Amino acid sequence: MTFPQALFMGLLQGATELFPVSSLGHSVIIPSLLHWRFKQSDPTFVPFLVLLHLGTAGALLVLYRKQWIAIIRGFFTAAVRGRITTEPERLAMLLLTGTIPAGILGVFLENRIKSLFASPYVAAGFLVINGFLLLGFELLRRRAERHASLDSKSRAEQEESFATAERISFRAAAVIGACQALAFLPGISRSGVTIGGGLLAGLRHQEAARFSFLLATPVILAAGLVEVPQLLATGVPLGEYVVAALLSGLAAYASARFLLRYFRSGRLDPYGWYCVPAGAVSLVLLTLRV
Amino acid sequence: MRGRLAFGLVILAVAFVVIAGLYYEGVLQIAVSDPHAAHHTTHAILFAVLAVASLIAANFAREKTV
């Protein structure tokens, strides 16, 4: 991988990790469309991915630094006391509940699923499915809004009728966490399924995005930190990869800020309408070997 | 009833600690990607986290005096 390619991949990973359009899918499909041949068996490839993920997790930690301090403090207070009394304490326990199924499924299934489906054709197919999933989540949300007689109200009023992240049930948090396993399929977006799960659990769009980003941070960070020793292997162009990771972090930070603002009144549909044709066109281009 | 649940969760935590140790020492090879690795650190960390989560759940489940 050349330095410009590494920078491009860093930018792509950071920008698509938090948008509900599948970073893994894009990082499989786009290099194939550009006829870039990365050897995933190359000993420097895993350290590269590790650094990109650490960049993304770092961006999320910076973005939510005050919340994370409150969550960590709340976690220890509630864990020792054995009782939840404040919202940060509840959020901390909800995140723990959501992280456990994600961690179990990640450790036992991630590598197997990724190695089974790591083909650009499969990724393009799943990108189409991801688009339909996003559209389906919004369809169900609109139905919930109609049931609550919210269709005549403004978007801001509609959103205010739904809950904040701290108010969802522990069962819903566990289900949203488990949904993250779907993202091991290249083309299915982690943030897409968790935001969608949050919407089904009755969260506001912005709160579903916040819960999704908070839930992703420990998993991405832990997965990256476990692989850190690989960075010290010989032949790893650490300086170049660090620059790519910084770019990935910057892109992730900017996209998170954008999405949190967008989801004040925005919906998942535009991303669904992007994924369906993007996946279909990629599938055609890959098949025709253009 | 709550006391019994809390006790069960403590037992579960102990079981998770043992499993974490066995994975770390490479004794357990269930569902690992590289059976020849000396340590299965990721699996060990997962079960250590599960042990901590079980202890927290036990603390929530125990009968409170206040």
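So the protein lines, in turn, are chains X and Y. Residue numbers 70 to 359, in my numbering, belong to the letters of the first sequence in order. Residue numbers 7 to 72, in my numbering, belong to the letters of the second sequence in order. The beta-carbon is built from N, C-alpha and C at its ideal position, and this holds for glycine as well. Because the structure is a prediction, the values reported are computed rather than measured.
Opposite X/Leu272 in the DSSP bridges: which residues? X/Ala232
With a threshold of 9 Å between beta carbons, is Y/Arg10 in contact with chain X? no
Quick one: list the residues of chain Y neighbouring X/Leu251, beta-carbon separation under 7 Å, in chain order. Simply none; closest approach about 19 Å.
Would you tell me roughly how many angstroms separate the C-alpha atoms of X/Ala75 and X/Tyr310, rounded to the nearest one? 7 Å
Residue from X/Ser281, X/Ser334, X/Val119 and X/Val97 whose Cα sits closest to the Cα of X/Ser184: X/Val97
Indicate the three-state DSSP secondary structure (helix, strand or coil) for X/Ser218 in the structure shown. coil
Taking only beta carbons into account, state which residues of the region 170-194 of chain X come closer than 7 Å to chain Y, listed in chain order. Gly172, Ile173, Val176, Phe177 and Asn180
In the DSSP assignment, the alpha helix (DSSP H) including Y/Ala59 goes from what residue to what residue? Thr47 to Ala67
Measure the C-alpha to C-alpha separation of X/Ile153 and X/Glu276 and round it to an integer number of angstroms. 20 Å
Helix, strand or coil: how does DSSP classify X/Arg333 here? coil
Is DSSP giving X/Lys135 helix, strand or coil here? helix
Indicate the three-state DSSP secondary structure (helix, strand or coil) for X/Asp338 in the structure shown. helix
Residues of the region 145-156 of chain X whose Cβ lies closer than 9 Å to any Cβ of chain Y, in chain order: Ala147, Ala148, Val149, Arg150, Gly151, Arg152 and Ile153
Cutoff 8 Å; reference Y/Ile17; Cβ partners in own chain excluding five residues on either side: none
Where does X/Met162 fall in DSSP's three states? helix
Min CB distance X/Pro115 to chain Y below 9 Å: For the record, residue 115 of chain X in the displayed sequence is Val; it is not Pro. Taking Cβ atoms only, chain Y never reaches closer than 9 Å to X/Val115, which makes this a no.
Check the Cβ-Cβ distances between X/Leu300 and every residue of chain Y, and say whether any is below 9 Å. no
Would you check if the distance between the CB atom of X/Leu254 and the CB atom of X/Gly124 is smaller than 9 Å? no
Per DSSP, what kind of secondary structure is X/Leu315 in: helix, strand or coil? helix
Cutting at 6 Å between CB atoms, please list the residues of its own chain near X/Tyr340, excluding the five before and the five after it. Pro89, Val90 and Leu203
Using the Cα positions of X/Trp105 and X/Met78, report the straight-line distance between them to the nearest angstrom. 11 Å
For X/Ala78, three-class secondary structure by DSSP: In the sequence on display, residue 78 of chain X carries Met and not Ala. Three-state DSSP puts X/Met78 in a helix.
Near X/Leu81, what residues of its chain come up, given a Cβ to Cβ distance below 7 Å and the 5 sequence neighbours on each side ignored? His95, Ser96 and Ile99
Tell me whether X/Trp137 is buried or exposed, calling it buried when 16 or more other Cβ atoms sit within 10 Å of its Cβ. buried
Measure from the C-beta of X/Val295 to each C-beta in chain Y and report whether the shortest distance is under 9 Å. yes
Per-residue DSSP class, three states only, for Y/Ala26: helix
Under three-state DSSP, which class holds X/Phe107? coil
Y/His49 CB to nearest chain X CB: under 9 Å? yes
Got a sec: is the Cβ-Cβ distance from X/Leu165 to anything in chain Y below 9 Å? yes
Under the three-state DSSP convention, the category X/Ile141 falls into: helix
Ordered along the chain, which non-local residues of its own chain (more than five positions away) have a Cβ less than 6 Å from that of X/Leu163? Ala242
Can you confirm whether Y/Ile62, when its beta carbon is compared against all beta carbons of chain X, has any partner nearer than 9 Å? yes
Quick check on X/Pro157: buried or exposed, where buried means 16 or more other Cβ atoms within 10 Å of its Cβ? buried
Looking at C-beta atoms only, is the number of pairs between the region 326-342 of chain X and the region 175-194 of chain X that lie closer than 8 Å three or more? no
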